[in-house]
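Written below as structure tokens is the structure these notes are about.
Numbering (the numbering used here), first residue to last: 161 to 461.
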């Protein structure tokens with residue numbers, strides 16, 4: 161089952177990204193959502209880079225991961241990258257340290273976007289049973305492009321949500337309250353603690369506009385990571401339902417879809433992802449292979 165969860169997480173993330181890509185910036189467009197091409201964005205491209213580096217070094221090596229990101233970006237720069245990562249990549253190539261370059265963004269404050277969270281699923285899988293290492297590696301992989309506390313803490317929450325889902329045992333009823341309490345206790349940031357409280361209060365909410373107003377649907381980590389966690393928790397028993405709900409909230413749909421899909425895929429395993437989506441997914445075999453390798457290394461360490 162654990163192998164299926166590893167594969168489900170990475171495939172689920174890519175499926176959520178590809179589904180969201182078709183409706184990014186739009187509102188409540190389920191007709192568009194179902195016109196699924198299977199093509200994914202920088203979200204999955206960078207998630208693949210995280211997995212590739214963890215596999216190659218059998219753990220975290222910041223310099224190796226940064227170089228993996230750079231190599232993948234230079235091969236396929238058209239994936240929809242935001243302006244920040246390519247600038248960081250240029251600075252690293254010019255000789256700046258992998259953990260220093262991102263500090264230059266936004267006048268020295270660093271980015272608090274969701275780019276570190278959208279790619280972090282492999283870390284949540286690999287360290288699902290070691291929370292101390294999980295925190296350290298999440299902060300490390302985030303630092304390559306996102307040095308702001310909100311960017312790093314968002315990635316931490318997403319990775320921990322993946323870890324919790326990996327450790328859960330469906331089809332037993334998921335305790336949403338306990339899930340959120342664990343997340344709230346794990347983050348050190350008050351903004352996220354408050355967002356997670358709101359997520360709990362909104363679990364029965366039918367008005368999507370209110371959900372977006374309270375939790376957000378933007379590119380900022382604190383306006384998207386809690387939204388993805390919420391989308392999973394209001395539809396924990398169906399991969400399809402939670403991902404379509406996440407995307408229906410509009411805004412940064414590819415990233416919110418990817419993060420929701422990663423959590424749900426880690427919870428249910430790959431069998432729960434509809435075949436009509438898996439069959440069209442770009443690079444499915446390679447993504448499944450990476451997940452299998454990650455599981456294999458984890459199993460023998």
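No residue lacks a Cβ here, since even glycine has one placed at the ideal position from N, Cα and C.
**Request:** Answer with buried or exposed for residue 231, where buried requires no fewer than 16 other C-beta atoms within 10 angstroms of its C-beta.
**Result:** The residue you call residue 231 lines up with position 71 of the chain shown. Exposed: under 16 other Cβ atoms inside 10 Å.
**Prompt:** Do you know whose CA, among 327, 372, 239, lies nearest residue 165's CA?
**Reply:** Translated into the one-based positions of the chain shown, residue 165 becomes position 5. Of 327, 372, 239, the residue nearest in Cα terms is 327.
**Message:** Give me, in chain order, the residues of the same chain whose beta-carbon lies closer than 8 Å to that of residue 191; leave out the 5 immediate sequence neighbours on both sides.
**Reply:** Position 31 of the chain shown, counted from the first residue, corresponds to residue 191. Any answer about residue 191 is weak, because its pLDDT of 46 lies below 50 and its placement is not dependable; what the coordinates show is given next. If we look at residue 191 and ignore the five residues flanking it on each side, it has no Cβ neighbours.
**Asked** Based on the DSSP output, what are the partners of residue 380 in its beta bridges?
**Response** The residue labelled residue 380 in the question sits at position 220 within the chain shown. For residue 380, which the question treats as bridged, DSSP gives the partners 273.
**Prompt:** Where residue 201 and residue 173 are concerned, what is the direct C-alpha to C-alpha distance, given to the nearest angstrom?
**Reply:** Reading the chain shown from its first residue, position 41 is the one you call residue 201. Reading the chain shown from its first residue, position 13 is the one you call residue 173. Approximately 11 Å, taken between the alpha carbons.
**Asked** Where does residue 110 fall in DSSP's three states?
**Response** Examination of residue 110 is not possible in this model, given that the chain is present from 161 through 461 alone.
**Prompt:** What three-state label does DSSP hand residue 202 in the structure shown?
**Reply:** Start at 1 with the first residue of the chain shown, and residue 202 comes out as number 42. Here residue 202 sits in helix by DSSP.
**Prompt:** Using a Cβ-Cβ cut-off of 8 Å (strictly less than) and excluding sequence neighbours within five positions of residue 375, which residues of its own chain qualify?
**Reply:** For the purposes of this step, residue 375 is taken as the residue at position 215 of the chain shown. Excluding sequence neighbours, residue 375 sits near 355, 358, 359, 362, 383, 386, 387, 390.
**Request:** Kindly provide the ranges of any alpha helix (DSSP H) runs that are 4 or more residues long and lie completely inside the segment 309-359, ordered along the chain.
**Result:** 309-327, 336-346
**Asked** At a cut of 8 Å, does the segment 390-406 reach the segment 297-306 through at least three beta carbon pairs?
**Response** no
**Message:** Once the 5 residues before and after residue 457 are set aside, which same chain residues still bring their CB inside 6 Å of it?
**Reply:** Your numbering for residue 457 matches position 297 in the chain shown. The answer, listed in chain order, is 218.
**Message:** Measuring only the C-alpha atoms, how far is residue 340 from residue 349?
**Reply:** The sequence position of residue 340 within the chain shown is 180, counting from 1. The sequence position of residue 349 within the chain shown is 189, counting from 1. Taking the straight line from one Cα to the other gives about 14 Å.
**Message:** Three Cβ pairs or more, each shorter than 8 Å: is that satisfied between the segment 429-440 and the segment 291-298?
**Reply:** Not touching, per the Cβ criterion.
**Asked** Would DSSP call residue 289 helix, strand or coil?
**Response** The residue you call residue 289 lines up with position 129 of the chain shown. Coil, per DSSP.
**Item:** Secondary structure of residue 416, DSSP reduced to three states
**Value:** Looking up residue 416 in the chain shown gives position 256. Here residue 416 sits in helix by DSSP.
**Asked** Got a sec, what are the start and stop residues for the alpha helix (DSSP H) residue 371 sits in?
**Response** Against the chain shown, residue 371 aligns to sequence position 211. Residue 371 -> alpha helix (DSSP H) spans 368-375.
**Prompt:** How far does the alpha helix (DSSP H) with residue 176 in it reach, from first residue to last?
**Reply:** Here residue 176 refers to the residue found at position 16 when the chain shown is read from its first residue. It spans 162-181 - the alpha helix (DSSP H) in which residue 176 sits, taken as one unbroken run.
**Request:** Grab the span of the alpha helix (DSSP H) containing residue 433 for me, first residue to last.
**Result:** The count along the chain shown starts at 1 and reaches residue 433 at position 273. No alpha helix (DSSP H) contains residue 433, which DSSP labels as neither H nor E.
**Prompt:** When you compare each of 214, 336, 331, 312 to residue 380 by their alpha carbons, which one comes out closest?
**Reply:** Numbered from its first residue, the chain shown carries residue 380 at position 220. If we check each option's Cα against that of residue 380, 312 comes out closest.
**Request:** Please name the residue in 368, 421, 459, 438 whose C-alpha comes closest to that of residue 207.
**Result:** Along the chain shown, read from residue 1 onward, the residue named residue 207 stands at position 47. The residue with the shortest Cα to Cα distance from residue 207 is 421.
**Item:** Between the CA atoms of residue 169 and residue 279 - distance to the nearest angstrom
**Value:** In the chain shown, residue 279 corresponds to position 119, counting from 1. In the chain shown, residue 169 corresponds to position 9, counting from 1. Rounded to whole angstroms, residue 279 to residue 169 spans 11 Å at the Cα level.
**Asked** Over what stretch of residues does the alpha helix (DSSP H) that includes residue 232 continue unbroken?
**Response** For this step, residue 232 is matched to residue 72 along the chain shown. Taken as a continuous stretch (DSSP letters only), the alpha helix (DSSP H) holding residue 232 covers 222-235.
**Prompt:** Beta-carbon of residue 343 versus every beta-carbon of chain D: anything under 9 Å?
**Reply:** Although the question refers to chain D, the structure presented lacks it and comprises just one protein chain.
**Contacting residues, own chain, Cβ-Cβ under 7 Å from residue 414 (five flanking each side not counted)** = Translated into positions along the chain shown, residue 414 becomes position 254. Hits under 7 Å: 177, 180, 181, 184, 201, 203.
**Asked** So, are the CB atoms of residue 252 and residue 242 less than 9 Å apart?
**Response** Position 92 of the chain shown, counted from the start, is the residue given in the question as residue 252. Position 82 of the chain shown, counted from the start, is the residue given in the question as residue 242. Taking 9 Å as the Cβ cut-off, residue 252 and residue 242 do not qualify as a contacting pair.
**Prompt:** With burial defined as no fewer than 16 other Cβ atoms inside 10 Å of the residue's Cβ, what is the status of residue 446: buried or exposed?
**Reply:** To locate residue 446, count along the chain shown from 1; it is residue 286. By the 10 Å Cβ count, residue 446 comes out exposed.
**Request:** Measure the C-alpha to C-alpha separation of residue 269 and residue 444 and round it to an integer number of angstroms.
**Result:** Looking up residue 269 in the chain shown gives position 109. Looking up residue 444 in the chain shown gives position 284. The straight-line gap from Cα to Cα measures roughly 37 Å.
**Prompt:** Within 10 angstroms of its Cβ, does residue 197 collect 16 or more other Cβ (buried), or is it exposed?
**Reply:** Indexing the chain shown from 1 puts residue 197 at position 37. Around the Cβ of residue 197, a 10 Å sphere holds fewer than 16 other Cβ atoms; the residue is exposed.
**Prompt:** Going by the beta-carbon positions, is the gap between residue 257 and residue 315 smaller than 9 Å?
**Reply:** As a working note, residue 257 is residue 97 in the chain shown. As a working note, residue 315 is residue 155 in the chain shown. No; because the gap between Cβ atoms is not below 9 Å, this pair is not in contact.
**Request:** Give a yes or no on whether the C-beta atoms belonging to residue 319 and residue 352 are separated by under 9 Å.
**Result:** As a working mapping, residue 319 is identified with position 159 in the chain shown. As a working mapping, residue 352 is identified with position 192 in the chain shown. No, these two residues do not count as a Cβ contact at 9 Å.
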